[in-house]
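The next block holds one structure in the form of structure tokens; read it before the comments.
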Amino acid sequence: MNSHKIAFIVPTMDREPDLRVLLNSLIMQTHKPDQVIIVDGSYTEVKSVIYDFPSLNIDYLRIFPPSLTKQKNAGVKKIDDDITLVGYLDDDLELYPDSIENMLNFWENAPMSVGGVAFAIVSGERQVGKLRKFFGIDSDEPGRVLTNGFVSMLDDPVKTINVDWLNGGATVWRRKVINEYSYDEWFKGSGFMEDMDYSFNIRERYELVLLSNAKTEHHHHPIRGDRYYLLGKWQIINRLYFVRKYIDRGLSIRGAWVASFSIVIVNLIAGISRLDYNRIRMSFGNIIGIFISMIKDDVQISGHLKRIDK
2 MNSHKIAFIV PTMDREPDLR VLLNSLIMQT HKPDQVIIVD GSYTEVKSVI YDFPSLNIDY
62 LRIFPPSLTK QKNAGVKKID DDITLVGYLD DDLELYPDSI ENMLNFWENA PMSVGGVAFA
122 IVSGERQVGK LRKFFGIDSD EPGRVLTNGF VSMLDDPVKT INVDWLNGGA TVWRRKVINE
182 YSYDEWFKGS GFMEDMDYSF NIRERYELVL LSNAKTEHHH HPIRGDRYYL LGKWQIINRL
242 YFVRKYIDRG LSIRGAWVAS FSIVIVNLIA GISRLDYNRI RMSFGNIIGI FISMIKDDVQ
302 ISGHLKRIDK
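Taken in order, the sequence shown gives residues 2 to 311; the numbers are from my numbering.
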């Protein structure tokens with residue numbers, strides 16, 4: 002018998018079919034969650050969905066206009082008093098049937114030094130580009146935060162490993178940690194890098210773990226073509242904000258500026274060589290982000306990468 006009770010906070014926006022897939026995967030769990038909190042930022046409310054899943058203990062909360070960090074922080078306020086573990090799930094996940102059981106089994110014996118544990122997102126083997134490695138903006142070692150503010154991604158691990166950061170939408174935290182840390186609402190809209198900021202902040206005091214046997218599918222939605230320009234600006238502005246915030250943790254603002262120019266080169270080369278117009282758009286966004294950051298630090302830019310008509 003596991004001593005923990007687990008709740009999941011699910012921020013969502015305009016993805017009712019995906020949300021249904023996620024909730025169905027929670028129903029199919031060998032150990033069902035004790036509470037599910039849906040934080041709805043949709044332009045058309047999805048509250049009616051919860052009535053189709055009566056076997057789940059679902060609470061519904063609406064936060065509009067949508068903002069990922071605000072939705073997550075609002076969800077924390079709805080957690081039941083007896084919950085000991087709190088997870089954040091993206092609305093386009095589909096958990097393997099034994100994922101929660103394996104997650105709880107890990108937590109049952111985890112030392113108090115562990116603050117957060119991520120589900121392993123199943124995907125093809127990631128290829129680290131030689132150009133990105135040459136410019137020092139990626140690493141073969143997964144889950145690392147580099148001194149210039151770039152990170153290496155969290156691959157599906159063959160064994161459980163400790164990492165420097167965790168995905169924001171496939172992670173379980175101690176209730177104590179959730180009570181101590183909130184998401185930085187400087188990150189607007191889709192919140193590019195909000196998960197890196199949140200988890201790296203926690204990493205100063207707690208261990209972060211990527212759990213190999215708690216797996217989930219992530220049904221990615223493509224970024225709308227004209228939003229690559231927005232993503233390009235975020236890649237510069239949000240990363241410089243992140244680095245300034247953690248200079249005392251060994252991050253380098255000089256390194257971040259060098260990396261900012263490097264990512265322009267990488268995106269331009271990739272865009273031209275592959276005839277990928279979206280990467281070229283991203284590089285233009287990078288350039289504008291650099292000019293904005295030269296004029297003023299930490300300019301907040303809102304927006305959503307994957308919404309169709311907003």
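From the three backbone atoms N, C-alpha and C, an ideal C-beta is built for every residue, glycine too.
The structure presented is a predicted model; accordingly, all values stated were derived computationally and were not measured.
Reduced DSSP secondary structure (H/G/I, E/B, other) of residue i
i	result
G116	strand
T217	strand
I138	coil
N366	Any question about residue 366 goes unanswered here, given that the chain covers just 2 to 311.
S4	coil
L155	coil
L20	helix
E195	helix
L209	strand
N180	helix
I229	In the sequence as presented, Ile is not what sits at residue 229; that position holds Tyr. Y229: helix per DSSP, three-state reduction.
Opening and closing residue of the alpha helix (DSSP H) in which residue i lies
i	result
D60	Taken as a continuous stretch (DSSP letters only), D60 belongs to no alpha helix (DSSP H), being part of the beta strand (DSSP E) at 59-63.
S124	No alpha helix (DSSP H) contains S124, which DSSP labels as neither H nor E.
E95	Here E95 belongs to no alpha helix (DSSP H); instead the beta strand (DSSP E) covers 94-96.
N110	Premise fails: N110 is in no alpha helix (DSSP H) and is neither H nor E.
W258	254-274
Distance, residue j Cα to residue i Cα
i	j	result
M14	G150	28 Å
W258	S56	51 Å
E208	N163	7 Å
H221	S294	30 Å
K6	N25	20 Å
R63	K216	29 Å
G42	S253	35 Å
Y230	L132	21 Å
V267	S274	11 Å
P66	L306	15 Å
I138	D249	20 Å
Opposing strand residues paired with residue i [DSSP bridges]
i	result
G88	F9, V173
V77	Looking at the DSSP assignment, V77 forms no beta bridge with any residue, so it has no partner.
V146	V152
Rounded distance between the beta-carbons of residue j and residue i, thought under 8 Å
i	j	result
F193	V146	Going by Cβ atoms, the distance from F193 to V146 rounds to 15 Å, so no, they are not a contact pair.
F292	L212	Not really, about 42 Å apart at Cβ, beyond 8 Å.
V173	M104	6 Å
P98	T31	6 Å
G226	G286	Not quite, the Cβ-Cβ distance comes to about 12 Å (not below 8 Å), so this is no contact.
Contact test: residue i Cβ vs the ligand MG heavy atom, cutoff 7 Å
i	result
L231	By its list of ligands, the structure shown contains no ligand whatsoever, and the ligand MG lies outside what it can speak to.
Residue i, enclosing beta strand (DSSP E) - first and last residue
i	result
V40	36-41
V164	162-164
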